[in-house]
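Engineer: Just so you know, the sequence shown maps onto residues 11 to 154 in our numbering. Where is the CB? At the ideal position from N, CA and C, for every residue including glycine. None of the values given here were measured: they were computed from a predicted structure.
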Amino acid sequence: MPTIDWANFTPGAALAGGMLIGVAAAAMLLLNGRILGVSGIVGSLLQPQRGDTAWRLWFIAGLLVPPLLLTLLGVTEGPRFAGSLPVIALAGLLVGFGSRMGSGCTSGHGICGMARLSKRSIVATAVFTLTGFVVVYMIRHVLS
Numbered sequence: 011m012p013t014i015d016w017a018n019f020t021p022g023a024a025l026a027g028g029m030l031i032g033v034a035a036a037a038m039l040l041l042n043g044r045i046l047g048v049s050g051i052v053g054s055l056l057q058p059q060r061g062d063t064a065w066r067l068w069f070i071a072g073l074l075v076p077p078l079l080l081t082l083l084g085v086t087e088g089p090r091f092a093g094s095l096p097v098i099a100l101a102g103l104l105v106g107f108g109s110r111m112g113s114g115c116t117s118g119h120g121i122c123g124m125a126r127l128s129k130r131s132i133v134a135t136a137v138f139t140l141t142g143f144v145v146v147y148m149i150r151h152v153l154s
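Written out as structure tokens, the structure is:
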């Protein structure tokens, strides 16, 4: 039976992060009338429309710049990836492909869509959650 890694169990940080994401999603919808789905925001940059690009670039910069600044400042704590750069890049491409096939990503469906009681988002969230369960089970109990 798996055990909890108590040294890295951070429910306070997870709760705070979740609350920030929820507030950001609500603010984006209430103030701009837009869904906070990262794949949709990034994907729309590939086919830009006049007057709709600047806020998307600022949004993406807000996701990328803070961790880069922390790295430059010497803050080294954070997630570490065990895979090589090509494996991580391939994983990113597969996630992008999957989010395009599913008409959205976890943030769009799981946070924003479910909050709006979208049937499509509820089904999509159930499918990717169940798929995650199956993959973990297969890796931990069948392939190991």
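Should the region 48-64 be called in touch with the region 126-138, which here means at least 3 C-beta pairs below 8 angstroms?
Structural biologist: Touching, no.
Engineer: Using alpha carbons as the reference points, say which of G72, L103 and I51 lies closest to T63.
Structural biologist: I51
Engineer: Alpha carbon to alpha carbon, what distance is there between L25 and A134?
Structural biologist: 23 angstroms
Engineer: How many Å lie between S139 and T86 at the Cα?
Structural biologist: Looking at the sequence itself, residue 139 is Thr, so the reference to Ser does not match. Roughly 30 angstroms separates the two Cα atoms.
Engineer: What span of residues does the alpha helix (DSSP H) with I98 cover, start to end?
Structural biologist: L95 to M111
Engineer: At what residues does the alpha helix (DSSP H) containing M29 begin and finish?
Structural biologist: P21 to N42
Engineer: For the alpha helix (DSSP H) containing S91, list its first residue and its last residue.
Structural biologist: Rather than Ser, the amino acid found at residue 91 in this sequence is Phe. No alpha helix (DSSP H) contains F91, which DSSP labels as neither H nor E.
Engineer: Under the rule that 16 or more other beta-carbon atoms within 10 Å means buried, what is L41, buried or exposed?
Structural biologist: Its Cβ having fewer than 16 others within 10 Å, L41 is exposed.
Engineer: V145 by DSSP, collapsed to three states: which one?
Structural biologist: Helix at V145.
Engineer: CA-CA distance, P4 and A71?
Structural biologist: Given a span of 11 to 154 for the chain in the structure shown, any question on residue 4 remains unanswerable.
Engineer: Put R60 into one of helix, strand or coil per three-state DSSP.
Structural biologist: coil
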